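A.B. asks: Residue numbers (my numbering): 1 to 691.
Note that beta-carbon positions come from the ideal geometry of N, C-alpha and C, so glycine has one too.
Quick caveat: nothing in here was measured; it's all calculated off a predicted structure.
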Amino acid sequence: MIVAISGALTQCTFNVKQPYPTYRTIFSLAAEAITILATGHAYAWLGGARQLFYSAALPKAMAGTIITYFVVNTALVAGAIASSSRRPLWKVWRENFLWSGPSFMVAGAAGALAALIIEHGDRWSAVLMLAPIYLTYRTYRICLGRIEDEQRHLHETQQLHREALQALSQAKHAEQALANEKERLAVTLRSIGDGVIATDLDGTIRLMNNVAESLTGWTQEMAAGKPLASVFRNFHLDTRERCDNSFATVAKHEEPPGVSRSTVLVARDLSERPIEEITAPLRDTEGRTIGMVIAFRDVTEALKMREERANASRVASLGLLAGGIAHDFNNIMMSVLGNISMARVQVAPGDPEGRALAEAERACMRARQLTWQLLTFSRGGVPVKKTIAIQRVLEESVSLALRGSNVTYTSQLPTDLAAVSADEGQLVQVFSNVLINAQQAMPHGGTIEVKAENIVEPAKRWECAAPVEAGPYVRVSIIDKGIGISEEQLGRIFDPYFSTKQLGRGLGLATSYSIVKNHGGYIAVESKLGQGTAMHVNLPAAAGRELDEPLESIPTDNGWKGRILVMDDDASVRMLTTNMLRFLGHDTAVVSEGLAAVERYKRALARGRPFDAVILDLNIPNGIGGRETIELLSALDPSVTAIVASGYAQDPVVTNFREYGFKGVIGKPFTLQELNQTLNLAMVPSTRTVH
Numbered sequence: 001m002i003v004a005i006s007g008a009l010t011q012c013t014f015n016v017k018q019p020y021p022t023y024r025t026i027f028s029l030a031a032e033a034i035t036i037l038a039t040g041h042a043y044a045w046l047g048g049a050r051q052l053f054y055s056a057a058l059p060k061a062m063a064g065t066i067i068t069y070f071v072v073n074t075a076l077v078a079g080a081i082a083s084s085s086r087r088p089l090w091k092v093w094r095e096n097f098l099w100s101g102p103s104f105m106v107a108g109a110a111g112a113l114a115a116l117i118i119e120h121g122d123r124w125s126a127v128l129m130l131a132p133i134y135l136t137y138r139t140y141r142i143c144l145g146r147i148e149d150e151q152r153h154l155h156e157t158q159q160l161h162r163e164a165l166q167a168l169s170q171a172k173h174a175e176q177a178l179a180n181e182k183e184r185l186a187v188t189l190r191s192i193g194d195g196v197i198a199t200d201l202d203g204t205i206r207l208m209n210n211v212a213e214s215l216t217g218w219t220q221e222m223a224a225g226k227p228l229a230s231v232f233r234n235f236h237l238d239t240r241e242r243c244d245n246s247f248a249t250v251a252k253h254e255e256p257p258g259v260s261r262s263t264v265l266v267a268r269d270l271s272e273r274p275i276e277e278i279t280a281p282l283r284d285t286e287g288r289t290i291g292m293v294i295a296f297r298d299v300t301e302a303l304k305m306r307e308e309r310a311n312a313s314r315v316a317s318l319g320l321l322a323g324g325i326a327h328d329f330n331n332i333m334m335s336v337l338g339n340i341s342m343a344r345v346q347v348a349p350g351d352p353e354g355r356a357l358a359e360a361e362r363a364c365m366r367a368r369q370l371t372w373q374l375l376t377f378s379r380g381g382v383p384v385k386k387t388i389a390i391q392r393v394l395e396e397s398v399s400l401a402l403r404g405s406n407v408t409y410t411s412q413l414p415t416d417l418a419a420v421s422a423d424e425g426q427l428v429q430v431f432s433n434v435l436i437n438a439q440q441a442m443p444h445g446g447t448i449e450v451k452a453e454n455i456v457e458p459a460k461r462w463e464c465a466a467p468v469e470a471g472p473y474v475r476v477s478i479i480d481k482g483i484g485i486s487e488e489q490l491g492r493i494f495d496p497y498f499s500t501k502q503l504g505r506g507l508g509l510a511t512s513y514s515i516v517k518n519h520g521g522y523i524a525v526e527s528k529l530g531q532g533t534a535m536h537v538n539l540p541a542a543a544g545r546e547l548d549e550p551l552e553s554i555p556t557d558n559g560w561k562g563r564i565l566v567m568d569d570d571a572s573v574r575m576l577t578t579n580m581l582r583f584l585g586h587d588t589a590v591v592s593e594g595l596a597a598v599e600r601y602k603r604a605l606a607r608g609r610p611f612d613a614v615i616l617d618l619n620i621p622n623g624i625g626g627r628e629t630i631e632l633l634s635a636l637d638p639s640v641t642a643i644v645a646s647g648y649a650q651d652p653v654v655t656n657f658r659e660y661g662f663k664g665v666i667g668k669p670f671t672l673q674e675l676n677q678t679l680n681l682a683m684v685p686s687t688r689t690v691h
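Here it is as structure tokens:
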């Protein structure tokens, strides 16, 4: 017992790679003690002496003893292994200890031999007892090594299991993250306003979002796996040639990101819409090209707005040109009309020359109306607004425009129409122009429908190149059943001198467009070829009711003569005005701009021979005009009698001349009779008439 326990303790303490835990040492010593005890009982039972181990006489007892030792010792160790590894005891014992049975048999045989030697008195042969001790040590060493290997293997297996579980968890997390990223990408693609199509390197569609489905007419299920060319059919805007969307073409162009091209997309139902598209290679995380992606959007509304703005810019440019032409033309017509009017006065009534001059004067009057329309179109002034009832203006316009024609009309004018803040004269011009166009669109006669209603624009938008503000409006609709206007020509109807009919080519609609726009309104047009046209004039509604103005009497006495100062930048106008004034018996002086007029007026005051009246041109391109000059003259002489002359009768200074210090106003070009009447009226401050 002492030898066995000492051997076990030595094995647990020395010649080990790592110190044994205390519990393992205790287990080993206890197992050895149990084994020796069981072995002693087996030895005694088989015929040996229990008291003296070395006095054993029978080899049979020694052999039985070693077998008992082997079975008990290995069973205890195998039980410990089976308990820790949760494996069957028999399987553990067979795999780890059965192979060591022969060595124990050899040890038993050696022990029996040693017993015989000792029995016969050869004490020195007792050294043979070292063999069982050594074999016992080796057996424990091998068995415990097996236990250590098994535990190490178990630990490594558990570590591998933990690593496998961790790798599996990471893989699941990566798979979930990939699924989440894919879902986020899908949500993003569904929510953006552009169409998106993704393909592989062969041009086969793999993905398309909802917008792409709507624009192409193909669903994701229908398009998946199909060639891009069969779903995304786009053509060049100008040549109408089919676009090459192959990956080779995209890669060859190597356009930088953000560069787009404009094409026409033909949907599955053969409908067409203009689009802007961007095509780029699709790369994976390592930068390898795996396909391409096409992003595109419908630009129908953007092109329409761009065209409307271009039209507005073109109209504005034409307006500037029209204003310059009208100003020069006015000065030319001034000489013609003025001289004709003076010639008529000198011809006896009934003479053929008088009739010819009268006809020429009427032609000049029509030309004057044309120049005034040009100036209105050029937006040379702001309309003079007042609150008016649109029903009365419409009735007057219809009566004037359709008088003597083969066209009748019906009207629907509610009594609850809102009033508008507008220039009445300009509104008459607008409605007359639209009515004349409607009448000319029905050369064989017909009926024009005139309607008016209150409407509300809910939000700001664009209509016919004009901004439309939100708010209440009064809509006047003039509807004919004439020849109609094609869709291609609708965008040009407000261009100057554009017409769809041979009769009447002029500034009518262009001027109307300008007037309505200057009033803060807009014109909308609906038309179909062969069915007619509806023109909707929309004007901002005003609060309140129409304001009535008292009529003023016009005096006719023109017997006075006086000294008159004329200011005009055009030499021919100055000469003609001087001749007309002298013909009327007045003394005249002329200057070309405002500072010269002030200086001339100041000298006349200093000499005691002041001017009875001054005629001031409103606009002087290279000097001070009439508005600034009247302020300087009023500072010199508060009682100055000044008349403003202008080719644009709708300028606020012209319409409200008294507010600016003028006593009279005259529109250029003017006749001799108009000049005489204006001078006479200017001497009566309470009168107010515009020529």
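(1) Please state whether the Cβ-Cβ distance between I485 and L529 is less than 9 Å.
(2) Go through its chain and collect everything with a Cβ distance to R283's Cβ below 6 Å, but skip five positions before and after it.
(3) Just how far apart, CA to CA, sit E286 and A186?
(4) Reducing DSSP to helix, strand and coil, say where L503 ends up.
(5) For N406, does the three-state DSSP call read helix, strand or coil?
(6) With a Cβ-Cβ cutoff of 9 Å, do L616 and L672 count as a contact?
(7) Kindly give me the distance between the Cβ atoms of Y409 and L400, rounded to whole angstroms, as I take these residues to be in contact under 8 Å.
(8) Quick check on G667: buried or exposed, where buried means 16 or more other Cβ atoms within 10 Å of its Cβ?
(9) Please classify E593: does DSSP put it in a helix, a strand, or coil?
(10) For S572, does the count of other Cβ atoms within 10 angstroms reach 16, so buried, or fall short, so exposed?
(11) Could you check the C-alpha separation between T682 and V434 for me, to the nearest Å?
(12) If I'm right that L576 touches S335 with Cβ under 8 Å, what's the distance once you round it to whole angstroms?
(13) Which class does R87 belong to by DSSP, given the choice of helix, strand or coil?
(14) Could you give the DSSP three-state label for N538: helix, strand or coil?
(15) Between the beta-carbon of V196 and the beta-carbon of F235, is there less than 9 Å?
(16) Would R368 be called buried (16 or more neighbouring beta carbons within 10 Å of its own) or exposed?
(17) How is A348 classed by DSSP in three states: helix, strand or coil?
(18) Would K663 be called buried (16 or more neighbouring beta carbons within 10 Å of its own) or exposed?
(19) With DSSP as the reference, label G40 as helix, strand or coil.
(20) So the candidates are S527, A543, I523; which of them puts its Cα closest to the Cα of V537?
(21) Tell me, please, whether the region 289-302 touches the region 617-637 by the rule of three or more beta-carbon pairs shorter than 8 Å.
(22) On the criterion of 16 or more Cβ atoms from any shown chain inside 10 Å, does G404 qualify as buried, or is it exposed?
(23) Below 7 Å CB to CB, which residues in the same chain sit around W93 once its five sequence neighbours on both sides are set aside?
(24) For L270, count neighbouring C-beta atoms within 10 Å of its own C-beta (all shown protein chains included) and say buried if the count is 16 or more, exposed if not.
(25) Could you work out which residue in I34, I275, W45 is closest to V71 when comparing CA atoms only?
(26) Residues bridged to I643 by DSSP?
(27) Skipping 5 residues on each side, what residues in its chain have a beta carbon closer than 6 Å to that of F657?
(28) Determine the closest residue to E221 out of L207, A542, G324, with distance taken between C-alpha atoms.
(29) Please name the residue or residues paired with L207 in a DSSP beta bridge.
(30) Here's the rule: buried if 16 or more other CB atoms are within 10 angstroms of the residue's CB, otherwise exposed. What is D416?
(31) Alpha carbon to alpha carbon, what distance is there between E395 and M567?
(32) Sorted by chain position, which residues of the same chain lie with C-beta nearer than 6 Å to G625's C-beta, five sequence neighbours on each side aside?
C.D. replies: Quick answer:
(1) Residue numbering aside, residue 485 sits at position 485 when the sequence shown is read from its first letter. Residue numbering aside, residue 529 sits at position 529 when the sequence shown is read from its first letter. Contact: yes.
(2) Residue 283 sits at position 283 when you count from the first residue of the sequence shown. Cβ neighbours of R283 beyond the five flanking positions: T289.
(3) As a first step, residue 286 must be located in the sequence shown, where it is residue number 286. As a first step, residue 186 must be located in the sequence shown, where it is residue number 186. Between E286 and A186, the C-alpha separation is close to 22 Å.
(4) Residue mapping note: residue 503 aligns to position 503 of the sequence shown, counting from 1. Reliability of the predicted coordinates at L503 is poor, the pLDDT of 39 falling under 50, and the value obtained from them is presented with this limitation in mind. Correct three-state label for L503: coil.
(5) On the sequence shown, residue 406 is found 406 positions in, with the first residue counted as 1. In this structure, N406 counts as coil in the three-state DSSP scheme.
(6) Translated into the one-based positions of the sequence shown, residue 616 becomes position 616. Translated into the one-based positions of the sequence shown, residue 672 becomes position 672. Going by beta carbons, L616 and L672 fall outside the 9 Å limit.
(7) Counted from its first residue, the sequence shown places residue 409 at position 409. Counted from its first residue, the sequence shown places residue 400 at position 400. Wrong, their Cβ atoms sit about 12 Å apart, outside the cutoff.
(8) Within the sequence shown, the letter at position 667 stands for residue 667. Label assigned to G667: buried.
(9) Locating residue 593 in the sequence shown gives position 593, where the first residue counts as 1. In this structure, E593 counts as coil in the three-state DSSP scheme.
(10) The residue labelled residue 572 in the question sits at position 572 within the sequence shown. Exposed: under 16 other Cβ atoms inside 10 Å.
(11) On the sequence shown, residue 682 is found 682 positions in, with the first residue counted as 1. On the sequence shown, residue 434 is found 434 positions in, with the first residue counted as 1. According to the sequence as given, residue 682 is Ala; it is not Thr. Put simply, the backbone Cα of A682 is about 37 Å away from that of V434.
(12) Translated into the one-based positions of the sequence shown, residue 576 becomes position 576. Translated into the one-based positions of the sequence shown, residue 335 becomes position 335. Going by Cβ atoms, the distance from L576 to S335 rounds to 5 Å, so yes, they are a contact pair.
(13) Numbered from its first residue, the sequence shown carries residue 87 at position 87. Of the three classes helix, strand and coil, the one that applies to R87 here is coil, per DSSP.
(14) Position 538 of the sequence shown holds residue 538. Secondary structure at N538: strand, using DSSP grouped into helix, strand and coil.
(15) The residue you call residue 196 lines up with position 196 of the sequence shown. The residue you call residue 235 lines up with position 235 of the sequence shown. It is not a contact, given that the beta carbons lie outside the stated cut-off.
(16) The sequence position of residue 368 within the sequence shown is 368, counting from 1. The residue is buried, with at least 16 neighbouring Cβ atoms inside 10 Å.
(17) The residue given as residue 348 occupies position 348 in the sequence shown. DSSP places A348 in coil when its eight states are reduced to three.
(18) The residue given as residue 663 occupies position 663 in the sequence shown. Buried, by the Cβ-count rule.
(19) Along the sequence shown, read from residue 1 onward, the residue named residue 40 stands at position 40. The answer is helix: DSSP assigns G40 an H, G or I state.
(20) Taking the first residue of the sequence shown as position 1, residue 537 is located at position 537. When each option's Cα is compared against that of V537, the closest is I523.
(21) no
(22) Sequence index remark: in the sequence shown, residue 404 carries index 404 (1-based). It counts as exposed.
(23) What you label residue 93 is simply residue 93 of the sequence shown in a count that begins at 1. Contacts found: T74, A75, A78.
(24) Sequence index remark: in the sequence shown, residue 270 carries index 270 (1-based). Answer is exposed; the Cβ neighbour count stays below 16.
(25) Stepping through the sequence shown from its first residue, residue 71 is reached at position 71. Among I34, I275, W45, the Cα nearest to that of V71 belongs to I34.
(26) The sequence position of residue 643 within the sequence shown is 643, counting from 1. I615, G664.
(27) Residue mapping note: residue 657 aligns to position 657 of the sequence shown, counting from 1. Only V644, V665 meet the Cβ criterion.
(28) Position 221 of the sequence shown, counting from 1, holds the residue named residue 221. It is L207.
(29) Stepping through the sequence shown from its first residue, residue 207 is reached at position 207. DSSP output for L207 lists A198 as bridge partner(s).
(30) In the sequence shown, residue 416 corresponds to position 416, counting from 1. Exposed.
(31) Reading the sequence shown from its first residue, position 567 is the one you call residue 567. Reading the sequence shown from its first residue, position 395 is the one you call residue 395. Whole-angstrom Cα-Cα distance: 41 Å.
(32) Taking the sequence shown and counting its residues from 1, the one referred to as residue 625 is at position 625. L618, N619, listed in sequence order.
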